[in-house]
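Have a look at the structure below, then the notes.
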Amino acid sequence: MPLSPRVTVPVSAAVLCVAVIGGYFFWQLENTRAELTAAQPDTSGSGTTTIQAPTDTTASLNDTGDVSLLHLRRGDVFALEGQWKDAEDEYQQAVKAGGGLPALRKLAQAQLERRDFRNATNTLDQLRRAGEKPEDQLLLESLIDLHSGELDKARTLLSAASDSPQKQYGLALLAIITNDNDTAKTELAQVQSGWEPVLRSYAQTLLGAYSEYALFPQSPAIHLQTLIAHALAQVQECELALPIVSQVTRTQDDYRDAWIVQGFCELTTERYQDALASLERAYQLDPEKPETQYFLGRTYAALNDHGNALTFLQYALQNGFSPESEVRQWIATEAVANNQVDVALDQYDALTKLPDATIDTYTQYVTTALAAGKKQEAAVKAQEATQKFPDEAQSWDLLGWAEGVNGNKDQARQNLQKALQMDPSLQSAKDHLKGL
Numbered sequence: 014m015p016l017s018p019r020v021t022v023p024v025s026a027a028v029l030c031v032a033v034i035g036g037y038f039f040w041q042l043e044n045t046r047a048e049l050t051a052a053q054p055d056t057s058g059s060g061t062t063t064i065q066a067p068t069d070t071t072a073s074l075n076d077t078g079d080v081s082l083l084h085l086r087r088g089d090v091f092a093l094e095g096q097w098k099d100a101e102d103e104y105q106q107a108v109k110a111g112g113g114l115p116a117l118r119k120l121a122q123a124q125l126e127r128r129d130f131r132n133a134t135n136t137l138d139q140l141r142r143a144g145e146k147p148e149d150q151l152l153l154e155s156l157i158d159l160h161s162g163e164l165d166k167a168r169t170l171l172s173a174a175s176d177s178p179q180k181q182y183g184l185a186l187l188a189i190i191t192n193d194n195d196t197a198k199t200e201l202a203q204v205q206s207g208w209e210p211v212l213r214s215y216a217q218t219l220l221g222a223y224s225e226y227a228l229f230p231q232s233p234a235i236h237l238q239t240l241i242a243h244a245l246a247q248v249q250e251c252e253l254a255l256p257i258v259s260q261v262t263r264t265q266d267d268y269r270d271a272w273i274v275q276g277f278c279e280l281t282t283e284r285y286q287d288a289l290a291s292l293e294r295a296y297q298l299d300p301e302k303p304e305t306q307y308f309l310g311r312t313y314a315a316l317n318d319h320g321n322a323l324t325f326l327q328y329a330l331q332n333g334f335s336p337e338s339e340v341r342q343w344i345a346t347e348a349v350a351n352n353q354v355d356v357a358l359d360q361y362d363a364l365t366k367l368p369d370a371t372i373d374t375y376t377q378y379v380t381t382a383l384a385a386g387k388k389q390e391a392a393v394k395a396q397e398a399t400q401k402f403p404d405e406a407q408s409w410d411l412l413g414w415a416e417g418v419n420g421n422k423d424q425a426r427q428n429l430q431k432a433l434q435m436d437p438s439l440q441s442a443k444d445h446l447k448g449l
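For the sequence shown, our numbering begins at 14 and goes up steadily by one.
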């Protein structure tokens, strides 16, 4: 039986938030980068591009002590897009750069999401040696138990611990897993009134699922389960969400939004074939929904099927997927992988025209154009970068690079020297100057 829009609309809107949050944190990353160091190259984009300028994005940050923060921010962007392998790599770099406890915590979370329990336990040991607070140690250890299915072990550990928001949050997750919703709401309410800000936010998200369901008290239990599963996905607990939403799809095969949540969680936990099956089922039920098309495109990309990835990502863009910058970035990446350089350049060009365009978008365009032998197009876009970002050393480096490739060596040298005057540590400008 088709579901009432009163139920499906809130869930659909929540699914959309997954992509929107990713776009918001991309914007936050760029602001952080600008605050850390003006005019430093960062070709990470939204965490999706495969072509990058030949620059060392961290070389000039090493002496400032902020390189670890930069890696943390990049890792956070990957994490919010559900790309936990890339997030783990960035968090590893943050640990190596002296990121301390925050970097180790995030590294453990990424390892946990990837079901790498051995390394997550090793990182927990590192946290203990580094002086991690007992309550934070408790939460991580209990999460390892919950993710690995050791529910009795987690219950014993949490029950014996002193009261804290971390303990209450762990107990809330345990209650959700065991379908003890009254206990879950009680524990989450205590977390929400507690002193730990991140857990307060997570508790609010999870309680929101119960509040949403309370608006429709006559709805079947599977509607609550779907809302809870999505809320768990929002707080980066897809591993715990999957058993819940899988039960929903087994019960009702035509519940589109449940299939989307299930597919998203399978995608982010690197179960790519399962994600493909789930998202294809959601697509059968509603072939016009842009979120389904977007996640299908990303799943095909993870499976190295770049042709289908490009097709579905383009569908998502045509049907109004938001944020636009995120889907365009993915289209450009998959177009390059599919040897469709002109399509990639069209996307990068469109990205440079968006209000949130950054110098990195221009770097992606110029790099791609030069790699394809489109020297004039690269020079025009590099000139545009200097007009839009005149105070960015990287924009003058791009222009110098493009002018040099076009044979205008005197103009190239002048622009590269200007870039180095603005940022003497910009390695790419040094390399391009030597190349002249």
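Note that CB positions come from ideal geometry on N, CA and C, so glycine has one too. These numbers come from a predicted model, not from an experiment.
Cβ-Cβ separation, residue j to residue i (assumed contact under 8 Å), whole Å
i      : j      : result
Arg128 : His84  : With a Cβ gap of about 23 Å, Arg128 and His84 do not count as contacting.
Glu101 : Ala123 : 4 Å
Gln275 : Leu255 : 7 Å
His319 : Glu337 : Not quite, the Cβ-Cβ distance comes to about 21 Å (not below 8 Å), so this is no contact.
Thr312 : Tyr285 : 6 Å
Leu8   : Glu154 : It is not possible to answer for residue 8, since the shown part of the chain is limited to 14 through 449.
Ala216 : Leu228 : Rounded, the Cβ-Cβ distance is 19 Å, inconsistent with contact.
Leu156 : Leu125 : 6 Å
Lys198 : Tyr223 : 6 Å
Leu140 : Leu114 : 7 Å
Leu298 : Arg269 : 4 Å
Ala92  : Gln249 : 7 Å
Sub-9 Å separation of residue i and residue j beta-carbons
i      : j      : result
Leu253 : Leu245 : yes
Val354 : Lys388 : no
Arg426 : Leu449 : yes
Leu212 : Tyr182 : yes
Thr218 : Cys251 : no
Met435 : Trp409 : yes
Asn332 : Lys302 : yes
Leu164 : Thr191 : yes
Ala288 : Glu279 : yes
Pro178 : Gln150 : no
Thr305 : Ala295 : yes
Ala143 : Leu117 : yes
Ala242 : Val258 : yes
Leu358 : Ala329 : no
Phe325 : Phe277 : no
Ala345 : Leu364 : yes
Ala432 : Ala406 : yes
Ala110 : Val80  : yes
Ala370 : Ala314 : no
Lys98  : Glu339 : no
Ala107 : Gly88  : yes
Asp362 : Lys401 : no
Gln342 : Gln360 : yes
Gln260 : Gln238 : yes
Lys166 : Ala174 : no
Gln424 : Leu446 : no
Leu152 : Gly112 : no
Val356 : Leu323 : yes
In chain order, which alpha helix (DSSP H) runs of at least 4 residues are fully inside the segment 263-340? 269-281, 285-298, 303-315, 319-331
Starting from the N-terminal side, write out each stretch of the beta strand (DSSP E) that is 3 residues or longer and does not extend beyond the segment 139-181. none
Fully enclosed by the segment 110-134, which alpha helix (DSSP H) runs are 4 residues long or longer? 113-126
With a threshold of 8 Å, are at least 3 pairs of Cβ atoms found where one atom belongs to the segment 389-403 and the other to the segment 365-379? yes
Entirely enclosed alpha helix (DSSP H) segments - the segment 73-103, minimum 4 residues: 80-93
What alpha helix (DSSP H) runs, 4 residues minimum, are completely inside the segment 402-435? 406-418, 422-435
Complete runs of the alpha helix (DSSP H) confined to the segment 353-402 [at least 4 residues]: 354-365, 372-384, 388-401
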